[in-house]
Structures are given as C-alpha cells and as structure tokens.
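Since the structure comes first, as structure tokens, the remarks are kept for the end.
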Amino acid sequence: MIEISHVNKWYSPTFQVLTDCTTNVTKGEVVVVCGPSGSGKSTLIKCVNALEPFQSGDILVDGTKVNDPKTNLPKLRSRVGMVFQHFELFPHLKIIDNLCLAQEKVLGRGHDKAQAKGMQLLERVGLKEQAQKFPAQLSGGQQQRVAIARALAMDPIVMLFDEPTSALDPEMVSEVLDVMVDLAREGMTMMVVTHEMGFARKVANRVIFMDRGEIVEDAAKDDFFGKPRSDRAQKFLSKILSH
Amino acid sequence: MFGNLDFDVIRRALPYLFYEGMTFTLTLTFLAALGGLIFGTALALMRLSGLKILGRIAGIYVDFMRSLPLVLVIFWFYFLVPYIGQWVTGASRPISVGAFASSLITFIMFEAAYFSEIMRAGIQSISRGQPAAASALGLTYAQTMRYVVLPQAFRNMLPVLITQTIVLFQDTSLVYVLSITDFLGAASKVAQRDGRLVEMYLFAAVVYFTISCIASYGVRRLQARIAIIR
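Just so you know, the protein sequences line up as chains A and B, in that order.
Its first residue numbered 1, the first sequence is counted upward by one per residue in the working numbering.
Its first residue numbered 1001, the second sequence is counted upward by one per residue in the working numbering.
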C-alpha cells in the first residue's frame, strides 16, 4: 500500500533530516513509528502524502508515485486520510461543515449525501450532538475525534496519524486512542507516529524506530518489545517505559 | 460670536447635500472599498504565491502606490487616463473618461495597495497547519485559499478592513480637485454661492465626524463579538 524506498531529505545542504529511509506498509497493516523528538518521524509521514517534499528516493502509495511531478496530488491526497497533532479543524466552519467541505468540493458528493455520511461518522466517534457547534467549543479530545471522522469521510484507503495524542491533556488521550484501536481492528491500513506504546502493543503489526533521520529498527511488534536489536532503541524504550 | 451666522442656510441645502453629495460619497466609498478589497486580495496572493516574479510585481506596485500622495494620484490619473486610453485603443483623440469612473478607478487602485497589506497580514496570521490540513483532504491550492484560508483571514482582519474603509470615506473628499460634487464638494458649492463658508464647512465637519465616530464605535463592538466567537 505504501512503499518508501531510499528517501533522503535535506532542509539545507548541510542539514539532512531523512537518511535513506526504506520501509513499507501493506494493506490492513498497522505500523507504529516511534523515536525521540527531532528524529524525522513526522517529516517522514508527511512525505507520504507529499505535504513535505524530498530530494531523492521514491514513495509509492497504492502504486502511484508521490514524487512524480505528473501525479495529481489533490486526487492522491483525497484517498489518504491524515490526522494532525494539532487537529487543524477549520475554526470558521461548524463541525458538520468541517466534515462536508472536502466531500463536496473534492469528491463532488451532493450536500445531503455528504451530510448523511458526516452524521454517521460523528455518531461513530460519539459526537453526533456536537454537529452544529464550532471547533473552539469542543475539548481537545473531541476535536481530534472530529478530525479522525473528517478524514474517514473521504473513504480513505490508508490513514496517517502524526502524533495524534501529543497535544492532548492526559485524560483525553484514551478517548482518541479508543477510536484508533477500533479503526485498526476493522482492518484499516494505518501508519501512526506516536509515543503511545500501549497503543502499539495493542494493535500494531510492526514498529519502526527512528533516530537522527534514519530508520534504526523495523521489526514485528513482539520482536521490538521483546528485545530490540539496537542500543538506541533499547535506550529509548527504557526511557519511555520506565514510569 | 455666532451672532451673525445663519444656520438656516444648512437646512435649506440639506436635500442637495445629502441626495446628491452624500449619495456620491457613499457610493464611491462602497465601490472603492469593494474593488480595493478584491484587487488587494489578488495582490496579497501574488505576494505570497512563492513565485518570485509575481511577488516582485505586486511588491513594487504596493510600494509605488504607498509612496505617492493620494491627491496627486487622483489628479494625475484624471489627466493621464484619456491618453492611456488613446494609446491602448489606438484612437485618434484622447478617450474621455467621466470624473466618476476616473476617481473610482483611482481609489480602487490606491486602496488596493493598503488592503493588500492588511490581507497579507491576515493570511499570514493563519497557522500553516490549516492549508496543510486542507491539502491533505485533497483540496487544490485555489480551493484551499477560497474555502479555508481567505474566509479566516477576512474575518480576522474585518475590524482593520473597516477602519481602513472609514479612512477611505474621509479621503473620498479629495475628489474636490476634479470639481466633483461629493458631500464636501456640495457643501463647498453652497458655501461659495451663499457666502456662508463658516456654517457650511462647520456642518460638513460635524457630519464627517459623526459618521466616522459611529462607524468606529461599530468596529469596536464587532471586535468584541469576534473575540467571543474565536
């Protein structure tokens, strides 16, 4: 579904953020990407739907080459759902209109159909009552669930999560993770940048560990948590699992 | 001091002042603000487009307009446009452009420079995550601007835009250099005709002051309301 091969990215000639990253996500798989901050994991996931350009290497999503100038990026992105750290709901639109905008303008769905789909997804994330409110009137956890629903409204073939719980108050983390766990169990293909190792343990198939722009470890979940091969991954795990 | 002033001259001139003068002033203000906002937004988008050449053109235009006194632009434009029209169309004589059309175009072009800076600040006030989220949903650049960025930029900047329009409302009085009958022009004509300069100019000042004050008060109320919504 997602094939990343030998991706290199420089912010400036002397500052390389991604170094020869190669991995893949197959259909129905849940892959968790973790690593210390500044390791390039968010940058890598943003390369997948071309929100960040990269200088060399290839990324294919469902057979379409992301870094090909001829690729119709809006069309490709409409099939790749993305959830951001800071939710990024559109503050000037009501919740339901946040869910309808891209359905109508990108997929060309009629207003009624988009509304129905939107309400159905809001119900699924438990926020049907909030449909007529504005984003600022919702809590962080609620906003992030709306953001997930907004991405799902496009019927994506894969979902990307960029630290979806990092900006949340601790008591709101689980409501978002619950939605994500349900999604994973339904067979959604997911690539998730997160520090939530509990989530990784529960639903991930594979865990990728990144450090300083490199993929240091790419292993099945049980291998990764059992005994990581690299020192850096061991250190990282001992730090975030120690308390 | 006010013993020999005749304020009845104002009452008699009211229909003329408002039906003719104020109607013109408000029409010019409204159309110039609207045109200036549209043209100004286009300039702001050019400056932020990332295409160096477009940004350069818009930047030079804005700096140029902001470096000239408005009254000079009005004056020059009025006398130049007929010749530019002649040159563009290849006509044998200068093309006559009415004073209204000329002044409207001048104000639109002049105000666009100011509105573009306001809209640029408004667009830059939107966090980069917003266009990223819109792109991630598959919206094109134009759709992202139209449905996500510009509505927010416009709303954030509405108080400043209206304040600028109040300034514009006062500036429209400069069309007197073209002998146009705007509100001040009308007052001035009555003043000259009846020899009642003090009364008429005093009255004109009171009217401009009152309208601008009420509008400014409205802006403050609006600001408070927007602050609650956000």
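Note that CB positions come from ideal geometry on N, CA and C, so glycine has one too.
Small disclaimer: the values here were computed from a predicted structure and weren't measured.
In the structure shown, the three-state DSSP call for V1097 of chain B is coil. At the C-beta level, G1059 of chain B and A1112 of chain B stay beyond 8 angstroms of one another. Per DSSP, the continuous beta strand (DSSP E) segment holding H6 of chain A begins and ends at I2 to S12. Note that the stretch 146-159 of chain A touches the stretch 88-97 of chain A; at least 3 beta-carbon pairs, one per stretch, sit closer than 8 angstroms.
Below the 8 angstroms Cβ cutoff, chain A contributes no neighbours of S1049 of chain B, its closest Cβ being approximately 17 angstroms away.
CA-CA distance, A1142 of chain B to L241 of chain A, rounds to 46 angstroms. L1072 of chain B counts as exposed, since fewer than 16 other beta carbons sit within 10 angstroms of its beta carbon. Contact annotation: in the stretch 96-120 of chain A, residues whose CB is within less than 7 angstroms of a CB in chain B are L101, A102, K105 and V106.
The alpha helix (DSSP H) runs lying completely inside the stretch 96-127 of chain A and spanning 4 residues or more are 111-124, given in chain order.
Closest in C-alpha terms to S1102 of chain B, from the list B:N1004, B:A1186, B:S1212 and B:V1175, comes B:V1175. Within chain A, the residues whose beta carbon sits less than 9 angstroms from that of A1132 of chain B are K46, L51, M82, F84 and E88, listed in sequence order. Note: C21 of chain A is bridge-paired with A:V7 in the DSSP secondary-structure output.
Rounded to the nearest whole angstrom, the CA to CA distance from V216 of chain A to T23 of chain A is 11 angstroms.
Just measuring C-alpha positions, the residue of B:Y1147, B:L1028, B:L1202 and B:D1006 sitting nearest F1169 of chain B is B:L1028. When 7 angstroms is used as the limit between beta carbons, R1155 of chain B is near these residues of chain A: H92, in chain order. Between R206 of chain A and F225 of chain A the beta-carbon gap is near 11 angstroms, outside 8 angstroms, which marks them as no contact.
Put simply, of A:M1, A:I59 and A:G28 the residue whose alpha carbon is nearest the alpha carbon of K9 of chain A is A:I59. Cβ neighbours of F1154 of chain B within its own chain (closer than 7 angstroms, five residues either side excluded): G1122. Apart from sequence neighbours up to five positions away, the residues of its chain that approach A1091 of chain B with a beta-carbon distance below 8 angstroms are G1085, ordered along the chain. Residues of the stretch 188-213 of chain A with a C-beta atom less than 9 angstroms from some C-beta of chain B do not occur.
Nearest in C-alpha terms to F1079 of chain B, of all of B:P1131, B:P1094 and B:L1139, is B:P1094. Straight-line measurement puts the Cα of L237 of chain A at about 27 angstroms from the Cα of F87 of chain A. Taken through DSSP and simplified to helix, strand or coil, L1051 of chain B comes out as coil.
The beta carbon of F1024 of chain B lies closer than 6 angstroms to those of D1182 in the same chain, with the five residues before and after it left out. Residue state for A167 of chain A is assigned as coil, using DSSP reduced to three classes. Cβ-Cβ distances below 6 angstroms link I1180 of chain B to A1099 in the same chain, with the five nearest sequence neighbours on each side left out; the list follows chain order. Interface annotation, L1139 of chain B: in contact with chain A, CB-CB separation under 8 angstroms. Contact of R77 of chain A with chain B is assigned, a C-beta pair being separated by under 8 angstroms. In this structure, the straight-line span from the alpha carbon of K235 of chain A to that of L1051 of chain B is close to 46 angstroms.
The DSSP-derived three-state label of R1011 of chain B is helix. With a threshold of 16 other beta carbon atoms within 10 Å, K41 of chain A meets it and is buried. When Cβ-Cβ separations below 8 angstroms define contact, G1122 of chain B makes no contact with chain A. Residue pairing by DSSP places K65 of chain A opposite A:L60 in a beta bridge.
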